[in-house]
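Undergrad: Using this note's numbering, count along the sequence shown one by one with no gaps and you end on 499. We treat Cβ as the ideally placed atom computed from N, Cα and C, and that holds for glycine.
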Amino acid sequence: MSHDDIKTTEIFTLILRLRQICCHPNLLKITQDEESDANISSDTSHSAVNLVDLVDRLDMDKYLGDDVPALKAKYNKEILLMEKASSKVTAIMDEVQKVLEVGDKVIIVSQWTSFLDIMGAHLKKINVPYLVLTGQTRIKDRGELLENINNPNHPVKILLLSLATGGVGLNLVGANHLFLIDPHWNPQLELQAEDRVYRKGQMKPVTITKFITEKTIETRVVNLQKEKLNIALTVIDGAKKSKGAGLSIADLRTLFNM
């Protein structure tokens, strides 16, 4: 393949897939989430490499042997199942248990609503109730939802929140734990989500937990976040939104140490 054959949108999509697989392989089935990176065009999924196909074609012979074809097929399919716990899901569930044991409430934030669906499936497996607030939540339902999560006597202790929705002036002081599941290119969005719980009216110490998969694209994203925050500190308040959630060519060079 020549350099001319590689489109910038394909690079963005492959980086997106690398970020998604850090959360759960099931996210590879998503062509383009409504809340994914602004750089990715609607037709990218047709031209970019399909990682689901690559997973399906994995050669497991050297691991499982030639005499167990049924086991190989089962392994390749199970790795993509929503109900199969990824390393990150396992880590999140462990922290959720700790929060519930002390009677606190927690907001679980992801930029992908499909990952919130995965978390919901795993919470259901252990019979833990939860609430969900995304861009798809009806306006008329949001008032009662926020009232419930902020009510210390309400039995539901968990709110699954999309990152995009979490930056729109919500008051979530009923919870004092915030889990940021996947680092976003724009660190300001994460700071806005943190402000939902760490604000006037909060009666408990607030704990912010970020789940980062080491030695992956996520660590590069975190480094990029730090650079952007340092730049933001040097500009006047009115210019903070000049370079938003997108991923520039300069950012790409930073990601790959170029």
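Starting from residue 349, follow its DSSP beta bridges and name the residues at the other end.
TA: In the sequence shown, the residue the question calls residue 349 occupies position 108. 401, 420.
Undergrad: Residues in its own chain within less than 7 Å of residue 438 by CB, not counting five upstream and five downstream?
TA: Position 197 of the sequence shown holds residue 438. The residues are 348, 413, 414, 416, 417, 419, 447.
Undergrad: For residue 359, which residues in the same chain have their Cβ closer than 7 Å to its Cβ, ignoring the five residues on either side in sequence?
TA: As a position in the sequence shown, residue 359 is number 118, starting the count at 1. Excluding sequence neighbours, residue 359 sits near 265, 267, 323, 330.
Undergrad: Can you find the residues in the same chain that come closer than 7 Å, C-beta to C-beta, to residue 325, ignoring five residues on each side of it along the sequence?
TA: Along the sequence shown, one-based indexing puts residue 325 at 84. So the list reads 319, once near-sequence residues are dropped.
Undergrad: Pull up the distance between the alpha-carbon of residue 524 and that of residue 356, whole angstroms please.
TA: It is not possible to answer for residue 524, since the shown part of the chain is limited to 242 through 499.
Undergrad: Straight-line CA distance for residue 372 to residue 363?
TA: To locate residue 372, count along the sequence shown from 1; it is residue 131. To locate residue 363, count along the sequence shown from 1; it is residue 122. Computed Cα separation, rounded: 14 Å.
Undergrad: Report the option in 352, 344, 353, 375 whose CA atom is closest to the CA atom of residue 369.
TA: Here residue 369 refers to the residue found at position 128 of the sequence shown. Ranking the options by Cα distance to residue 369, first place goes to 344.
Undergrad: For residue 469, does the three-state DSSP call read helix, strand or coil?
TA: Counting from one through the sequence shown, the residue named residue 469 turns up at place 228. Three-state DSSP puts residue 469 in a helix.
Undergrad: Hey, out of 257, 346, 430, 434, whose CA is closest to residue 389's CA?
TA: Working through the sequence shown from its first residue, we reach residue 389 at position 148. Of the listed residues, the one whose Cα sits closest to residue 389 is 346.
Undergrad: Work out the CA separation of residue 393 and residue 432 for me, nearest whole Å.
TA: For the purposes of this step, residue 432 is identified with residue 191 of the sequence shown, where counting begins at 1. For the purposes of this step, residue 393 is identified with residue 152 of the sequence shown, where counting begins at 1. Taking the straight line joining both Cα atoms gives about 24 Å.
Undergrad: Tell whether a beta-carbon distance below 7 Å holds between residue 407 and residue 434.
TA: As a working note, residue 407 is residue 166 in the sequence shown. As a working note, residue 434 is residue 193 in the sequence shown. It is a contact, given that the beta carbons lie within the stated cut-off.
Undergrad: If we cut at 7 Å on Cβ distances, does residue 325 have a partner in chain C?
TA: Absent from the structure: chain C. Only one protein chain is present.
Undergrad: For residue 428 and residue 461, I'd like the C-alpha separation in whole angstroms.
TA: As a first step, residue 428 must be located in the sequence shown, where it is residue number 187. As a first step, residue 461 must be located in the sequence shown, where it is residue number 220. Those two C-alpha atoms are separated by around 13 Å.
Undergrad: With a threshold of 6 Å on Cβ separation, who are the neighbours of residue 260 within its own chain once the five nearest residues in sequence on each side are excluded?
TA: If you number the sequence shown from 1, residue 260 lands on position 19. So the list reads 458, once near-sequence residues are dropped.
Undergrad: Alpha helix (DSSP H) containing residue 449: first to last residue?
TA: Mapped onto the sequence shown, residue 449 falls at position 208. Here residue 449 belongs to no alpha helix (DSSP H); instead the beta strand (DSSP E) covers 448-451.
Undergrad: What does the Cβ neighbour count give for residue 333, buried or exposed, with the cut at 16 atoms within 10 Å?
TA: As a first step, residue 333 is located in the sequence shown; it is residue number 92 there, counting from the start. Buried is the call here.
Undergrad: Compare the C-alpha of residue 455 against each of 430, 445, 375, 423 and name the closest.
TA: By one-based count along the sequence shown, residue 455 stands at place 214. The shortest C-alpha separation from residue 455 is found at 423.
Undergrad: Report all residues from its chain with a CB closer than 8 Å to the CB of residue 440; omit the five preceding and five following residues, and keep chain order.
TA: Sequence index remark: in the sequence shown, residue 440 carries index 199 (1-based). If we look at residue 440 and ignore the five residues flanking it on each side, its Cβ neighbours are 412, 414.
Undergrad: Looking at the unbroken alpha helix (DSSP H) that takes in residue 186, where does it start and where does it end?
TA: Past the edges of the chain, shown from 242 to 499, lies residue 186, and the structure says nothing about it.
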